[in-house]
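Structure representation (structure tokens):
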């Protein structure tokens, strides 16, 4: 793809991602330990900083 | 990480405060592993493939961002009484991060404003700097925190 392929106003479908508990916790272990702590306490998981593997 | 006491409130982050913390060294293996999962572009995956474009392997900017967040958690976020994280205002990747770079964080509080009787909002400017004091990344974001000694709703 080149510059010319990125026209203003063009809408592109870029796939989808699925979140699993395991993938959220795996990311959290590396980059956001607050999520791990919340999960251990059985509390709500913070709403940001979650990611997952592409499906 | 075990749960820490949440003892940092809005008042602990006054405007113009400066803090410096963290320290993490990136290996080529770290860079490639992150890129395989989250940013599979050639210059993050393979040193030879990266040479024409970037002079060699460089870390994904999202990897640097994730490391910033981890250093923030370790330094203060895990102890902060966070009410809301509205998002990131701006992020810029000023210089490439390469294998062997050692990164740390400089944080300046740009703004500290009471938003409600029990909530205050701060705006931080983070700089990720390397071992040569070169700024590799900046991020500006806002955070809402509980005010100390105020009744919650």
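Chains as they are written, first to last, in our numbering: chain A, 599 to 653; chain B, 1380 to 1532. We put the beta carbon where it would ideally sit given N, CA and C, even for glycine. Note that this is a predicted model, so its numbers are computed, not measured.
Buried or exposed: where does residue i fall if 16 or more other Cβ atoms within 10 Å of its Cβ makes it buried?
i, result
"residue 614(A)", "exposed"
"residue 1427(B)", "exposed"
"residue 1518(B)", "buried"
"residue 622(A)", "buried"
"residue 645(A)", "Any reading at residue 645(A) must be qualified, since the residue scores a pLDDT of 45, below 50, and its modelled position is unreliable; no value is offered."
"residue 652(A)", "In this predicted model, residue 652(A) has a pLDDT of only 36, less than 50, meaning its place in the structure is not dependable enough to derive any value."
"residue 1467(B)", "exposed"
"residue 1419(B)", "exposed"
"residue 609(A)", "exposed"
"residue 617(A)", "exposed"
"residue 1443(B)", "buried"
"residue 625(A)", "buried"
"residue 601(A)", "exposed"
"residue 1480(B)", "buried"
"residue 1431(B)", "exposed"
"residue 1384(B)", "exposed"
"residue 1505(B)", "buried"
"residue 1496(B)", "exposed"
"residue 627(A)", "exposed"
Checking 9 Å against the spacing of the C-beta atoms, do residue i and residue j come in under that value?
i, j, result
"residue 1450(B)", "residue 1482(B)", "yes"
"residue 1475(B)", "residue 1515(B)", "yes"
"residue 1493(B)", "residue 1500(B)", "yes"
"residue 1522(B)", "residue 1469(B)", "no"
"residue 1423(B)", "residue 1438(B)", "yes"
"residue 1458(B)", "residue 1386(B)", "yes"
"residue 1490(B)", "residue 1398(B)", "no"
"residue 1405(B)", "residue 632(A)", "no"
"residue 1396(B)", "residue 1488(B)", "yes"
For residue i, which of helix, strand or coil comes out of DSSP?
i, result
"residue 651(A)", "Here residue 651(A) scores only 33 on pLDDT, less than 50, and its place in the model should not be relied on; the value that follows carries that caveat. If DSSP states are grouped into helix, strand and coil, residue 651(A) belongs with coil."
"residue 624(A)", "helix"
"residue 1488(B)", "strand"
"residue 1507(B)", "strand"
"residue 1428(B)", "helix"
"residue 1536(B)", "Limits of chain B in this structure are 1380 at one end and 1532 at the other, which puts residue 1536(B) out of reach."
"residue 1417(B)", "helix"
"residue 1465(B)", "strand"
"residue 1397(B)", "strand"
"residue 1473(B)", "coil"
"residue 1459(B)", "strand"
"residue 599(A)", "coil"
"residue 1411(B)", "helix"
"residue 1496(B)", "coil"
Return the Cβ separation of residue i and residue j in integer angstroms, given the expectation that the two are a contact with Cβ distance under 8 Å.
i, j, result
"residue 1392(B)", "residue 1525(B)", "So it is not a contact: roughly 12 Å between Cβ atoms."
"residue 1472(B)", "residue 1440(B)", "4 Å"
"residue 1478(B)", "residue 1414(B)", "About 12 Å; that fails the 8 Å criterion."
"residue 1400(B)", "residue 1484(B)", "6 Å"
Output yes if chain E places a C-beta closer than 9 Å to the C-beta of residue i; else output no.
i, result
"residue 619(A)", "Although the question refers to chain E, the structure presented lacks it and instead comprises the protein chains A and B."
- prompt: Which residues, taken in chain order from the stretch 1452-1469 of chain B, show a beta carbon closer than 7 Å to some beta carbon of chain A?
  reply: Cβ contacts with chain A: 1452, 1456, 1457 and 1464.
- prompt: Name the residues in the stretch 1421-1451 of chain B whose C-beta lies less than 8 Å from a C-beta of chain A; which are they?
  reply: Answer set for the stretch 1421-1451 of chain B: 1445, 1446, 1448 and 1449.
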